[in-house]
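As structure tokens, the structure follows; a few thoughts come after it.
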Amino acid sequence: MFFKEFEIRWSDLDANRHLANSAYINFMSHTRMAYLGQLGFNQKSMAEHNIGPVVFYEHMYYFKEVFAGKPIKVSLGFKGMSADGMFFEFEHNFYDSNGKNFARCQMMGAWIDLKERKLIGLPDEFLEAFGRMEKSEDFKVLTKADTRKFVQIPKDL
1 MFFKEFEIRW SDLDANRHLA NSAYINFMSH TRMAYLGQLG FNQKSMAEHN
51 IGPVVFYEHM YYFKEVFAGK PIKVSLGFKG MSADGMFFEF EHNFYDSNGK
101 NFARCQMMGA WIDLKERKLI GLPDEFLEAF GRMEKSEDFK VLTKADTRKF
151 VQIPKDL
């Protein structure tokens with residue numbers, strides 16, 4: 001499993017002086033991109049293929065407060081991907097300096113063609129990179145139906 005360590009900065013705290021919701025999202029994004037960078041996904045390679053990631057949802061579960069002063073670790077678990085690589089699912093766990101799990105996030109997303117603004121499957125070189133990625137025990141091949149399990153419909157004014 002991939003881990004990224006972070007120091008909680010003053011700017012990561014909220015009015016209650018614990019880790020702010022927005023900091024969790026930033027730490028997860030940084031963890032994902034650090035790992036994907038090791039696989040060859042980076043700003044340059046994504047620009048060459050004119051693709052970018054898009055997040056469908058991030059479901060956060062908070063177990064315990066965490067404060068500044070000690071480092072934290074964020075894990076990245078590879079929970080699922082569609083056969084063509086269009087859809088992906090990750091799980092992040094947050095651990096304090098004693099290894100205690102204080103939060104978890106389940107997230108799902110897809111890849112978008114930045115010119116056409118449509119979801120697309122991954123080029124073969126990226127599919128091969130994901131094929132080398134360690135998978136979680138409950139990894140599954142995703143379908144479009146999996147992306148609809150938390151259906152929300154917009155309601156305009």
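Okay, so the sequence shown: first residue is 1 according to the UniProt record's numbering, each after it adds one. Idealized CB from N, CA, C, for every residue including glycine. Predicted model, so just to flag it, every value in this text is computed and none were measured.
Distance check between I112 and each of D146, F56, F6 places F56 closest, using alpha-carbon atoms only. For A83, the closest C-alpha among the options Y95, I120, D96, K73 is that of I120. Pairing S75 with H49 gives a Cβ-Cβ distance that is not under 8 Å. Residue burial is scored here from C-beta neighbours: F94 has at least 16 other C-beta atoms within 10 angstroms and is therefore classed as buried. The criterion of a C-beta distance shorter than 8 Å is not satisfied by G80 and F126. As a beta-bridge residue in DSSP terms, V55 pairs with G109. Contact annotation, R32 with F90: C-beta distance approximately 6 Å; criterion of less than 8 Å satisfied.
Contact check for E58 and C105: beta-carbon distance about 6 Å, within the 8 Å limit, so the pair qualifies. For S45, the closest alpha carbon among the candidates V141, K155, D124 is that of D124.
H92 is bridged by DSSP to C105.
DSSP, reduced to helix, strand and coil, places M60 within a strand of the structure shown. Counting every other CB atom within 10 Å of its CB across the protein chains shown gives Y61 a total below 16, marking it as exposed.
Of the candidates E5, I8, A47, M108, A47 places its Cα closest to the Cα of K115.
In this structure I153 is exposed. Its beta-carbon is surrounded by fewer than 16 other beta-carbon atoms within 10 angstroms. Counting every other CB atom within 10 Å of its CB across the protein chains shown gives A145 a total below 16, marking it as exposed.
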